[in-house]
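Chemist: Going by the numbering used here, 222 is the number at position 219 of the sequence shown; the sequence numbering is gapless.
We put the CB at the ideal spot given by N, CA and C, even for glycine.
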Amino acid sequence: MKILVVGKGGREHALVQALAESPGKPEIFCFPGSDAIFSLARSVPVKNMPALVAWMVEKNIDLCVAGEESYLVKDEGLANLCEAAGIPCWGPHKQSAQLEASKEFAKGFLERHGIPTGKAVVVDTFDQAVEAIGDQYPTVLKFDGLAAGKGVAVCPDESTAHAFLKEVLVQQRFGSGRLLVEECLTGPEVSVFAAIVDDQYLVFPPARDYKRALDGDAGPNTGGMGAVAGGQLIDAGLLEKIKKEIIEPTVRGLNQEGLPYRGFLYFGLILTAEGPKVIEYNCRFGDPECQAVMPLLRGDLATFCQQGATGIMRPELIRFVDGWSVAVILASSGYPEISRNGDEIKGLADVSGARIYHSGTKSHKDGTWVTHGGRVLAVVATAASRQAAAEMAHKQAAKISFTGSQRRSDIGILHF
Ligand code: AMP
Ligand code: GLY
């Protein structure tokens, strides 16, 4: 089987590795890929998506796996282009990926299908936003368009809300677009992933990511400083409730609205006192959650995705081991405000009993690796208990060093 994975980060490194471990020994290509990924997959000599699809046709690619969301909504959409070219794609059509690309679309979808979520009002102007908020603080403000992860603000008071509204609606920092004023929900967050094949689904082990930069969940929001995953993260009763109230109505809703979906769907949930509620959908796996979940997977992910992409759900092809997985991120100096490139990474060869996935690195001809991005590496360990997995991940991560390296010391340990 020939597989093309689209993306370049730590999530794609983990996906490529899991696909490469499939028993049929698939031949894997990656676009745009990274130096670390290219130790497992071959690069593709193209510059844009139409050329990529033409290349897939020429090479008789059996499966395209969308790791990163941007390609799903760019131009005609990766999955749409693949379909037109007759290539099975694991990743949804452009119109379905609006669940992630447009917060207004997602909120409308949730409301149409009676799926629990925070109440929200869509506004166009500063004054409308102020009126919609009233005196309800804290409030959550979400820019509707693409904002590189910076479009959501949880505002404790009027002054932070007004500052964000000015930036987004008056100065139009992210360009023109509408804004959601959303009810602020409280409770632990959990990321639930399902593989969706038309009207069927299979749930993967849930995960939780650590979004803040510093220990104790302090400091600014980041792309994720680590993740913990495992079947025991949520109990069986809660998982049943999430399936019945959230996943199943979502799958039914996609089918009712004629939104084709074959791929991973990520449900960002808050476990409120009233029950689980959706705060976001993402049309892909999470990063760094993927790096934590993939080491728990056994079986044949390549055939599972290839069959799924052709409309056949084959849950018997994969399974998940019991126990826990903890992924600890090493980030570069100054992250998340800035990132530093070119610092030599030492100690990679000393790591044992843990997996390393590269998010932002480059290799030199002499075999050394240097930093190349905000999040640099994930070190992932699995064990029967959360504590043991966390200890192992931190112990191994401590062997890796580079100038200005940042790592939270409570990933997998701080539990909520
Ligand atoms: P997002 O960029 O959509 O992933 O949202 C970023 C973060 O904002 C989430 O991980 C939550 O911590 C927080 N958030 C989003 N929506 C809500 C909400 N309705 N209530 C409370 N926190 C929220
Ligand atoms: N870990 C959050 C995300 O992938 O969006």
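Between which two residues does the beta strand (DSSP E) carrying K145 extend?
Modeler: Residues 142-146.
Chemist: Does the beta-carbon of G27 have 16 or more other beta-carbons within 10 angstroms, so that it is buried, or is it exposed?
Modeler: By the neighbour-count rule (16 or more Cβ atoms within 10 Å), G27 is not buried but exposed.
Chemist: For the putative contact between L7 and I64, defined by C-beta atoms under 8 Å, what is the C-beta separation to the nearest angstrom?
Modeler: L7 to I64, Cβ: 5 Å. Contact.
Chemist: Buried or exposed for V9, please, with buried defined as at least 16 other CB atoms from any protein chain shown within 10 angstroms of its CB.
Modeler: By the neighbour-count rule (16 or more Cβ atoms within 10 Å), V9 is buried.
Chemist: Of all the options Q175, A44, P119, which has the alpha carbon lying nearest to the alpha carbon of E24?
Modeler: It is A44.
Chemist: For L182, is the beta carbon positioned less than 7 Å from some heavy atom of ligand 1?
Modeler: Because no heavy atom of ligand 1 lies under 7 Å away, the Cβ of L182 does not count as near it: no.
Chemist: Among the candidates D212, A164, S335, whose CA atom is the shortest distance from the CA of I414?
Modeler: Out of D212, A164, S335, D212 has the C-alpha closest to the C-alpha of I414.
Chemist: Going by the CB atoms, is the gap between V200 and M316 shorter than 8 Å?
Modeler: Yes, they are a contact pair.
Chemist: Is N285 a contact residue of ligand 2, with contact defined as CB to any heavy atom under 7 Å?
Modeler: N285 Cβ: within cutoff of ligand 2.
Chemist: What residue from Y360, E347, G137 has the CA that sits closest to T371's CA?
Modeler: For the residues Y360, E347, G137, the minimum Cα distance to T371 belongs to E347.
Chemist: Can you give, in chain order, each stretch of the alpha helix (DSSP H) that sits fully within the stretch 93-120 and has at least 4 residues?
Modeler: Complete alpha helix (DSSP H) runs here, min 4: 101-104, 106-115.
Chemist: If the criterion is Cβ atoms closer than 8 Å, does the pair I245 and P208 meet it?
Modeler: Their beta carbons are not under 8 Å apart, which means I245 does not touch P208 by this criterion.
Chemist: Under the three-state reduction of DSSP, which class applies to V56: helix, strand or coil?
Modeler: Helix.
Chemist: For the structure I just gave you, are there three or more beta carbon pairs, one from the stretch 79-89 and one from the stretch 293-309, closer than 8 Å?
Modeler: Because the criterion of three Cβ pairs below 8 Å is not met, the stretch 79-89 and the stretch 293-309 do not touch.
Chemist: Classify I250 as helix, strand or coil using the three-state DSSP reduction.
Modeler: DSSP places I250 in helix when its eight states are reduced to three.
Chemist: Could you check how far apart the C-beta atoms of A3 and A150 are, in whole angstroms? I think they sit under 8 Å.
Modeler: An answer regarding residue 3 cannot be provided, because it is not within the stretch 4 to 419 covered by the chain.
Chemist: Whole angstroms is fine: what's the gap from A392's alpha carbon to I416's?
Modeler: If you take the alpha carbons of A392 and I416, they lie about 9 Å apart.
Chemist: Between G289 and ligand 2, is the CB less than 7 Å from at least one heavy atom?
Modeler: Indeed, a heavy atom of ligand 2 lies less than 7 Å from the Cβ.
Chemist: What three-state label does DSSP hand L43 in the structure shown?
Modeler: The answer is coil: DSSP assigns L43 none of H, G, I, E or B.
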